[in-house]
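This report refers to the structure that appears directly beneath it.
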Amino acid sequence: MLDALKNALRIPDLRKKILYTFGLLIIYRLGAYVVIPGIDPTQVTLGAEGGVIGLLDLFTGGALSNMSIFALNVGPYITASIVLQLLAMVIPSLEEMSKEPDGQKKIAQYTRYGSIVLAVIQSLGLVAWISSMGAIRNPGFFSSFTIVATMTAGTTLVVWLGDKITEKGIGNGISLLIFAGILARVPAQTLGLIGSIGEGGISIFTVLLFMIFALAIIAAVVYITEGQRRIPVQYPKKVVGRKVYGGQSTYIPLRVNQAGVMPIIFASSVLGFPITLAKFIPALKGISDFFDKYFLVYAVLYALLVIVFTYFYSAVSFNTQEITENIKKYGGFIPGYRPGQPTSQFLDRVLGRITLAGAFFLAFIAVLPFILQALTRIRGLDFGGTSLLIVVGVAIDTIKQLEAQLLMHQYEGFIK
Numbered sequence: 001m002l003d004a005l006k007n008a009l010r011i012p013d014l015r016k017k018i019l020y021t022f023g024l025l026i027i028y029r030l031g032a033y034v035v036i037p038g039i040d041p042t043q044v045t046l047g048a049e050g051g052v053i054g055l056l057d058l059f060t061g062g063a064l065s066n067m068s069i070f071a072l073n074v075g076p077y078i079t080a081s082i083v084l085q086l087l088a089m090v091i092p093s094l095e096e097m098s099k100e101p102d103g104q105k106k107i108a109q110y111t112r113y114g115s116i117v118l119a120v121i122q123s124l125g126l127v128a129w130i131s132s133m134g135a136i137r138n139p140g141f142f143s144s145f146t147i148v149a150t151m152t153a154g155t156t157l158v159v160w161l162g163d164k165i166t167e168k169g170i171g172n173g174i175s176l177l178i179f180a181g182i183l184a185r186v187p188a189q190t191l192g193l194i195g196s197i198g199e200g201g202i203s204i205f206t207v208l209l210f211m212i213f214a215l216a217i218i219a220a221v222v223y224i225t226e227g228q229r230r231i232p233v234q235y236p237k238k239v240v241g242r243k244v245y246g247g248q249s250t251y252i253p254l255r256v257n258q259a260g261v262m263p264i265i266f267a268s269s270v271l272g273f274p275i276t277l278a279k280f281i282p283a284l285k286g287i288s289d290f291f292d293k294y295f296l297v298y299a300v301l302y303a304l305l306v307i308v309f310t311y312f313y314s315a316v317s318f319n320t321q322e323i324t325e326n327i328k329k330y331g332g333f334i335p336g337y338r339p340g341q342p343t344s345q346f347l348d349r350v351l352g353r354i355t356l357a358g359a360f361f362l363a364f365i366a367v368l369p370f371i372l373q374a375l376t377r378i379r380g381l382d383f384g385g386t387s388l389l390i391v392v393g394v395a396i397d398t399i400k401q402l403e404a405q406l407l408m409h410q411y412e413g414f415i416k
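Per the working numbering: the sequence shown = residues 1 to 416.
Below, the structure written as structure tokens:
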């Protein structure tokens, strides 16, 4: 990992991309401390509540508890992206559009428009909640309008930063923003964990046990993320004149965790959207109170959503029908299966079994900190599972992208 980063810094083009990415991440982190105009942050006690809101605040890197211009972060954009992807599966015109480069640009534009609408809805709920706390200095229509416009603009800016990192940086923009936000909370989470020793029966042994648990999660995430099932593919030999072409063997890598960290991000955004509104709107406060009281119910729903989105994203990212057609097009075949429908059915069956193991692993790791929090009474254990999954997963994906770009530069050197 470090070798890939060192080698990338030696290449001017990649060094420029890395510095560009770090520059945008610094802007993103600075925005997390710019307070929304018209709000008194000393009157807001959002960060002290923990639970569901604490998890959402962790994903924003503390921007939500700071009531900054980036308080909503990329949540509205992710929710809009999920809605568009689901619609593409049931609306034929959107499905055809998603297969074309120009159509993908239109869908990306629709996603941005949808994120603005959802950002307005969420910011209205946030205004209603902080108004009940007396955090707005001059309550009124103009103040509320300013707050809603500022948070909506903040979400748009965050999405723009993510797009620029993907386009001109090292890639994986939205995930890197969440990655940076979580890492920014590590010092505060660590100090809070150390400071909790001696409170509520929490001992040094309990804290050390949690640290060992975190290291075990990191090792397990790396092991599962790198695990794959290799499906052999054979291409027949062709004789043209006196030369023999083809005949090589290759394989299709089916990863155990084909979806990566996206199911965790999707599940937290989808489940966090209504809960956040319920937390902020007095008329719906009963919903948030229910999840705070019965936190295990939230954990179960969270796990189910992770499993569902793992299957959903695996199906989107690995199209067995398209892969089958490509194998057949170039004359290849999987030993023991005829080209066409039998090959597609075999790939669907194998992918379903592998995805089942990956989905249950993601769900187990995601909800385990909630259970441990109830058992050990250590607040802030959200960093133990979900956040480590995202941090480790994004780090692995980013390093792989750097290695791919390094390999591309090596080939360019041979061509020149």
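Ideal Cβ positions, reconstructed from N, Cα and C, are used throughout, including at glycine.
None of the values given here were measured: they were computed from a predicted structure.
Classification of residue i by the beta-carbon crowding that lies within 10 angstroms, buried from 16 upward
i    : result
K99  : exposed
M151 : buried
P92  : exposed
G181 : buried
D13  : exposed
Q341 : exposed
D102 : exposed
N326 : exposed
L30  : exposed
F70  : buried
A216 : exposed
A8   : buried
L362 : buried
S203 : exposed
P76  : buried
T355 : buried
V155 : Before going on, a small fix: residue 155 reads as Thr here, not Val. Buried.
Y28  : buried
A108 : exposed
W129 : buried
S269 : buried
Y251 : exposed
Simplified DSSP assignment, three categories, for residue i
i    : result
K416 : Per-residue confidence for K416 stands at a pLDDT of 47, beneath the threshold of 50, marking its modelled position as unreliable; the derived number appears in the next sentence. Residue state, collapsed to three classes: coil.
I39  : strand
F333 : strand
S269 : helix
I194 : helix
V91  : Reading the sequence as shown, one finds Ile at residue 91 and not Val. If DSSP states are grouped into helix, strand and coil, I91 belongs with coil.
E49  : In this prediction, E49 scores a pLDDT of 47, lower than 50, which makes its location untrustworthy; no coordinate-derived value is stated.
I136 : strand
Q175 : The sequence shown places Ser at residue 175, rather than the Gln named in the question. Note: S175 maps to helix in three-state DSSP.
S98  : helix
S81  : helix
S344 : helix
A203 : Ala is not the amino acid found at residue 203; the sequence shown has Ser there. Three-state result, S203: coil.
S65  : coil
G260 : coil
A184 : helix
T60  : coil
R338 : coil
F318 : coil
L72  : coil
For residue i, the nearest candidate out of the options (CA to CA)
i    : options                : result
F142 : V186, P37, A184        : P37
G162 : T21, E95, L86, I307    : T21
L118 : I78, S65, V34          : I78
V391 : L305, I218, V367       : I218
L388 : A214, I39, E322        : A214
K17  : T166, M67, L56, Y113   : T166
L296 : Q122, S269, F370, A135 : F370
A299 : A128, G272, N257, T324 : G272
V120 : L9, V74, L25           : V74
L72  : L19, L209, S115        : S115
R255 : S65, G154, Y110, Y313  : Y313
T190 : L176, F179, I178, V207 : V207
Range of the contiguous beta strand (DSSP E) that encloses residue i
i    : result
L254 : 249-255
V233 : 228-234
Residue range of the unbroken alpha helix (DSSP H) whose run includes residue i
i    : result
R112 : 101-132
G162 : 141-168
L19  : 12-31
Q. Does the stretch 166-183 come close enough to the stretch 388-403 to have 3 or more Cβ pairs within less than 8 Å?
A. Touching, per the Cβ criterion.
Q) Three or more C-beta pairs closer than 8 Å, one from the stretch 224-233 and one from the stretch 129-145: is that the case here? A) The stretch 224-233 vs the stretch 129-145: no contact.
Q) Between the stretch 257-268 and the stretch 299-309, do three or more beta carbon pairs fall short of 8 Å? A) Touching, yes.
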